[in-house]
Amino acid sequence: MSNINIRVSTINDAETIIRFQNEMAMETEKKTLNEELIKPGVKSVLTSGNKGFYLVAEVDKSIVGSLLITYEWSDWRNAWYWWIQSVYVEKNWRRKGVYSLLHNEVISRCKKSKESCGVRLYVDKENKIAQKVYRELGMFENNYLLYETNF
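Numbered continuously in my numbering, the sequence shown closes out at residue 156.
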């Protein structure tokens, strides 16, 4: 694991992150993403400064994993929750500590921010492997169910 570097992504990482998102959508939901949406969506995060940020894991200048951090304001806590989203690790790098390093970097950055109160994520109910990983990293299932309306 010592040769894995974690860093904040740049616009130069856009094509890799877009590829990861496409691979994740196909792998997890058998969906093909709309290129007219995913490309500017990823690039918007990378260039806006206020939508969140991606962390990437790289080995020898090659990105092997990434995740997205977005924010949710909590009026109850007068602080931000950081949401982990869009997690992807290349298949041949899974179970080698890549996600753990990304996760620990998120926790470290969130704690240092002084304006944050915690880290959240959502996971597919059937993804038992990911759920086990999240529990092993100290996360717990809360009492909330996720509902949504899509447009």
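For every residue, glycine included, the Cβ atom is placed at its ideal position computed from N, Cα and C.
Test item: CB-CB of residue i and residue j under 9 Å
i, j, result
"GLY70", "VAL103", "yes"
"VAL13", "LEU42", "no"
"ALA62", "ASN97", "no"
"LYS48", "ILE16", "yes"
"ASP65", "ASN148", "no"
Closest by C-alpha distance to residue i, when choosing among the options
i, options, result
"ASN27", "GLY46, ASN155, THR15", "GLY46"
"LEU72", "LYS130, ASP18, ASP65, ASN97", "ASP18"
"HIS108", "GLN90, LYS66, TRP98, LYS44", "GLN90"
"SER105", "ASP65, TYR149, VAL138, GLU20", "VAL138"
"GLU153", "LEU142, TYR127, GLY143", "TYR127"
"GLU20", "GLU40, GLU77, LYS117", "GLU40"
"MET144", "LYS117, GLN136, LEU151", "GLN136"
"ARG100", "SER118, ILE134, LYS119", "ILE134"
"LEU142", "LYS117, LYS119, GLU110", "GLU110"
Cβ shell of residue i (< 7 Å), same chain only, five flanking positions each side left out
i, result
"ILE112", "VAL124"
"TRP81", "none"
Integer-rounded CB distance, given that residue j should sit under 8 Å from residue i
i, j, result
"GLY57", "THR75", "4 Å"
"ILE23", "LYS44", "6 Å"
"TYR93", "PHE25", "4 Å"
Nonlocal neighbours in the same chain, by C-beta distance under 8 Å from residue i, ignoring five residues either side
i, result
"SER121", "ALA84, TRP85, TYR86, TRP87, CYS115"
"THR33", "ASP129, ASN132"
"MET31", "THR37"
"SER79", "TRP85, TYR86, CYS122"
Same chain only: Cβ atoms within 6 Å of residue i, ignoring 5 sequence neighbours per side
i, result
"GLU146", "none"
"VAL50", "LYS56, GLY57"
"MET29", "TYR93"
Residue-chain proximity (residue i, chain D), Cβ-Cβ < 9 Å
i, result
"ASN17", "Reference to chain D is not applicable here, since this structure consists of a single protein chain."
Near the ligand SAH: residue i beta-carbon under 8 Å from a heavy atom
i, result
"ASN10", "This structure does not include the ligand SAH; it has no bound ligands of any sort."
Taking only runs of the alpha helix (DSSP H) that begin and end inside the segment 53-88, which ones reach a length of at least 4 residues, in chain order? none
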